Amino acid sequence: MNALRAPSWPAAALLFAAGCAAPPWLMGRPLDGTPSIPPAALNETVGQRQAAAATARTFGLLSRELPALVDLEALERLDSGERVRLVQLLALRALDFEAMGRAIPRSDDLEHLARLSPAQGEAMRAVRAVALRDAGDAWLAIGDDRRALDAYRKADGLGAPALSFRVLAATGGVPSPRTLLRDLRETIAALPLRALRPYAELYLRKQGDDRATLERLLAAARQFSDTILMQRLREALAKIDDTAGTPAPPPAPTAAPPAPPPGVDLERWVSSGPTLSRRLLPLLASTPALLAPGDQSRDWALALQGEDPTSPAVQEITAVIDGLARRFGGVERKLGDLVYYSPDRYDGFLRAAAVWERVARPREACVLRVRAARWRDDPEDTLWRDIIACTRADPGAGDWRAIRRYVLDRAPADRRDALAAALDAASDAGDAPIARPAPAPPQ
């Protein structure tokens, strides 16, 4: 049986220039603020797509059957039975996306279902409302306020609850000083970390002392690199400890991902669920040999991209597949989207850097570490030591002297000597001593 191909959805382009020249706030953002995802090239005949859908259904390959039906829909060649089947598969895939915590594609599938079957869409009105609200949260988490607001407005039209503070966050509003602590806690628990800065200030002014709330605000302050706010939140948490606060419970263990039974046909096993990614992503992460260049790995990469192009995990693993096959333009595009779709840009840059290292491109890895450190812009970040080392080893990745000056210029005066020593220790033992800058004149 020929491999069943999913439509290709090219990722948004992002140019990774070397060194520190580009401003870090522009990185990880498609050029026009939206991912460029043109329609798939419909270069197969209707008969071929019908045969692909029928074959996939015969063999129980749900995640391969669905894209073939979507292609027939795009060609306006779905018959009534295929339409019913596509509605069923969209409902099943939405459940899989929900289990994986993928709010945006889940909502997209439910809205697609509602367009195909208005009666079933109306019956699922409440489910769609919450799914749209969750998708709005996911867009808000990556800073796409326009799409977040659009999702919230659609959710409101379907009767979703708890939208007022979300709309406020998506429109750049700030909470009222009269907001009750109880309402602040609920809002802080619901909103993405990126939106929590004004709520942190208000919660501290009101002397809130809920540990879980303070820890979430601390995670938010760490994400947007507000060192003063981090210190204030740590002091508030320390005060709770001093007054016999209860330590936070350990995190619940996560369920192990499903593993293929011994001797099973891998293509059949990974494709038998409504989504490819639920089974395939853990399998590729645990079995690097499957990423080797070839028709199978490339077909998987195309199918994963078509299924959920907003997933950082999909962008990461498909970038590795491209890199091992030396398709470096594809790596660059996918890593651009990886950063864009990562709620924490710092983490996104570091994940992207790890991909470049994995495919033996240390210069590109070093450049992205520079961008990660500049994004957080914390002179105490130990990542600067790695950056000094990699730019000294490869001057094409950046000017280590300029980077060293950049870090020390931003450090508090009483920390400069210690930081300079730490940065200098990152140098190779055989390098000449680094000249220290003259002390600044008294102000």
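Heads up: the sequence shown begins at 1158 in the numbering used here, then just goes up one per residue. Quick reminder that beta carbons are idealized off the backbone N, C-alpha and C, glycines included. Fair warning: this is a prediction, and the values are worked out from it, not measured in the lab.
| Item | Value |
| --- | --- |
| R1483 classed as buried or exposed, judged by whether at least 16 other C-beta atoms fall within 10 angstroms | exposed |
| Rounded separation between R1323 and L1348 - CA only | 7 Å |
| Residue range of the unbroken alpha helix (DSSP H) whose run includes T1370 | 1368-1380 |
| Selection from R1490, L1371, E1358, Q1388 that minimises the alpha carbon distance to S1333 | E1358 |
| Inter-residue CB distance, Y1498 and T1467 (contact presumed, cutoff 8 Å) | 5 Å |
| Per-residue DSSP class, three states only, for F1216 | coil |
| Three or more C-beta pairs below 8 Å linking the stretch 1527-1542 and the stretch 1563-1573 | yes |
| Segments of 4+ residues assigned as alpha helix (DSSP H) that fall wholly inside the stretch 1225-1306 | 1237-1257, 1260-1273, 1275-1280, 1282-1298 |
| Cβ contact (3+ pairs, closer than 8 Å) linking the stretch 1448-1456 and the stretch 1267-1276 | no |
| Alpha-carbon spacing of Q1380 relative to L1243, whole angstroms | 40 Å |
| V1287 to L1371 span [Cα, whole Å] | 26 Å |
| I1478 versus V1331 - alpha carbon distance | 44 Å |
| Distance between R1520 and G1553 (C-alpha atoms, nearest Å) | 7 Å |
| Inter-stretch contact (C-beta, 8 Å, three-pair minimum) for the stretch 1360-1367 and the stretch 1383-1394 | yes |
| Residue interval of the alpha helix (DSSP H) (run including R1518) | Segment: none, R1518 is in no alpha helix (DSSP H) and carries neither H nor E. |
| Stretch-stretch touch, CB-based, cutoff 8 Å, three pairs: the stretch 1217-1235 with the stretch 1427-1445 | yes |
| Reduced DSSP secondary structure (H/G/I, E/B, other) of V1421 | coil |
| Option nearest S1443 by Cα separation, candidates R1425, Y1356, A1413 | A1413 |
| Cut-off 8 Å between Cβ atoms - residues of its own chain near G1329, not counting five sequence neighbours on either side | D1302 |
| Neighbourhood of L1157 by C-beta distance below 6 Å, restricted to the same chain and skipping five residues each side | A question about residue 1157 goes unanswered here, because the residues of the chain that appear run from 1158 up to 1600. |
| For R1490, the nearest candidate out of P1500, Y1503, V1512, D1581 (CA to CA) | V1512 |
| Helix, strand or coil at P1110 according to DSSP, with G and I counted as helix | As shown, the chain starts at 1158 and ends at 1600. That puts residue 1110 outside it, with no answer to give. |
| Contact check, L1433 vs A1460, beta carbons under 8 Å | yes |
| 6 Å CB neighbourhood of L1098 in its chain, flanking five on each side removed | The requested residue 1098 does not occur in the structure, where the chain is confined to residues 1158 to 1600. |
| Element boundaries [alpha helix (DSSP H), containing K1363] | It is not in any alpha helix (DSSP H) - K1363 carries neither H nor E in the DSSP assignment. |
| From F1216, A1317, P1355, R1573, residue whose alpha carbon lies closest to that of L1325 | P1355 |
| Where P1349 sits in the DSSP three-state scheme | coil |
| Whether W1426 touches P1419 by CB criterion (8 Å) | no |
| L1315 versus L1375 - alpha carbon distance | 34 Å |
| Inter-residue Cα distance where the pair is R1240 and R1234 | 10 Å |
| Cβ shell of L1229 (< 8 Å), same chain only, five flanking positions each side left out | V1203, R1206, Q1207, A1210, L1235, E1239 |
| Nearest to R1518 (by Cα), restricted to the options D1535, D1551, I1385 | D1551 |
| Buried or exposed by the 16-neighbour rule on C-beta atoms within 10 Å, applied to A1276 | exposed |
| CB contact flag (I1545, A1578, <8 Å) | no |
| D1465, DSSP secondary structure in three states | coil |
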